[in-house]
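First the structure, in the form of structure tokens, and then the observations on it.
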Amino acid sequence: MKSLCFVHQSKAQLPELQAYADYFRQRYQVVINTPDANLQGYDIVWFFMGYFRYQPQPHQFIVHEYASLSTPPLARLKDQLKQRLNSRPDLRVFQNPHQSELLSFTDDVPVRYRDMGLSSHFISQHNSEKKCDVIYAGAMDKSRQLEKALDIVLKLRPHASIWLVGQPSAYLQQRYQHYANIRFMGPVPNSQIPQLLNQARFGLNYVPDVYPYSFQTSTKLLEYAACGLPVIGNKNSWVTHFLSQHPMQYHDVHQLTAWPQPQAANISAQTLAAWSWQQRIADAGFETILPG
Numbered sequence: 027m028k029s030l031c032f033v034h035q036s037k038a039q040l041p042e043l044q045a046y047a048d049y050f051r052q053r054y055q056v057v058i059n060t061p062d063a064n065l066q067g068y069d070i071v072w073f074f075m076g077y078f079r080y081q082p083q084p085h086q087f088i089v090h091e092y093a094s095l096s097t098p099p100l101a102r103l104k105d106q107l108k109q110r111l112n113s114r115p116d117l118r119v120f121q122n123p124h125q126s127e128l129l130s131f132t133d134d135v136p137v138r139y140r141d142m143g144l145s146s147h148f149i150s151q152h153n154s155e156k157k158c159d160v161i162y163a164g165a166m167d168k169s170r171q172l173e174k175a176l177d178i179v180l181k182l183r184p185h186a187s188i189w190l191v192g193q194p195s196a197y198l199q200q201r202y203q204h205y206a207n208i209r210f211m212g213p214v215p216n217s218q219i220p221q222l223l224n225q226a227r228f229g230l231n232y233v234p235d236v237y238p239y240s241f242q243t244s245t246k247l248l249e250y251a252a253c254g255l256p257v258i259g260n261k262n263s264w265v266t267h268f269l270s271q272h273p274m275q276y277h278d279v280h281q282l283t284a285w286p287q288p289q290a291a292n293i294s295a296q297t298l299a300a301w302s303w304q305q306r307i308a309d310a311g312f313e314t315i316l317p318g
């Protein structure tokens, strides 16, 4: 059995990492490592890209996965550097065709597309007691501009109970330190997030309508929908397209004039199955190119 080593820098949360390991374990000996490990003995080395100048052994098959584009500041410059400085792999993986077009690789390296997915524990628990008005689960770095949505919510409903799940940034903590109704929950294991989502009346989905967020799947919106949450958020190109395919209660935060009544999202079992990590990975068609 050939070996497959996934390499990541432990900087970003990668729920797909465990999903990949579960998916490929029947076919390969799967290992997860960091870039400073000795990688020369593995048959397939799969990098979640930043910048890597690894020199492969002759027998190795190298995969570069661009799980997302670079984030502000200097997002486009960082992506241009990735395009110019990273070595040539045997396969590149992108989230979608638009993402690969933006990175503008000009060689003939094969490409596969693997969209963001969900773990099986993201399900609606209809009888859960609601303990907060709004929940946000995701990145909170300054480039996300989350304060724009929070300020609108607080203006509409000053005493709304708000849970913020994830690594809090210092500027948000300082901005809202005197708000007893805003609770910073901290980082939570992915398996525990559905329990929190099911205790909320609304999910908050704020994604700036700028590069690169406009072109990438909002995983948090998939998670909210799977747990039956109606959503308050802004709209960008991806969100507009998503809502055209999956109608649900989605309140544009910039157009809200009164606090809405929540109506549970009802996503079909077929759609949830299509969003599962196992199906997303299967849909990418890796078996047609990876060495057996």
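Take the sequence shown: its position 23, counting from 1, is numbered 49 in my numbering, and each next residue is one higher.
Think of the CB as a built atom: it goes at the ideal place given N, C-alpha and C, for glycine as much as any other residue.
Classification of residue i by the beta-carbon crowding that lies within 10 angstroms, buried from 16 upward
i, result
"A299", "exposed"
"H90", "buried"
"M142", "buried"
"T245", "buried"
"Y197", "exposed"
"V233", "buried"
"A63", "exposed"
"P320", "Outside the displayed span of the chain (27 to 318) sits residue 320, for which this structure offers no information."
Which residues DSSP lists as bridging residue i, in chain order
i, result
"A196", "For A196, which the question treats as bridged, DSSP gives no partner whatsoever."
"V71", "C31, I88"
"Q55", "S29"
"F78", "For F78, which the question treats as bridged, DSSP gives no partner whatsoever."
"R138", "V119"
Separation of residue j from residue i, as counted between CA atoms
i, j, result
"R53", "L30", "9 Å"
"L65", "P215", "28 Å"
"H280", "Q304", "36 Å"
"L247", "Q203", "27 Å"
"P136", "Q86", "16 Å"
"T266", "M166", "22 Å"
"A291", "D134", "43 Å"
"L176", "D309", "37 Å"
Same chain, Cβ closer than 8 Å to residue i, neighbours up to 5 away in sequence not counted
i, result
"Q35", "T60, P61, F74, G76"
6 Å Cβ shell around residue i - same chain, five flanking residues per side excluded
i, result
"H277", "I258, P286"
"P41", "N216"
"D19", "There is simply no residue 19 to check, as the chain begins at 27 and stops at 318 in what is shown."
Test: residue i CB closer than 8 Å to a CB of chain B
i, result
"I307", "In summary, chain B is missing from the structure at hand, where a single protein chain is found."
Chain-order list of residues whose beta-carbon lies under 7 Å from that of residue i (same chain, five-residue window excluded)
i, result
"N231", "S244, K246, L247, Y250, V257, G259"
In chain order, each beta strand (DSSP E) run of at least 3 residues that lies wholly inside the region 148-191: 158-163, 188-191
Ranges of the alpha helix (DSSP H) found wholly within the region 261-306, counting only runs of at least 4: 263-271, 295-301
Ordered list of beta strand (DSSP E) runs contained in the region 204-247, each at least 3 residues: 208-212, 226-231
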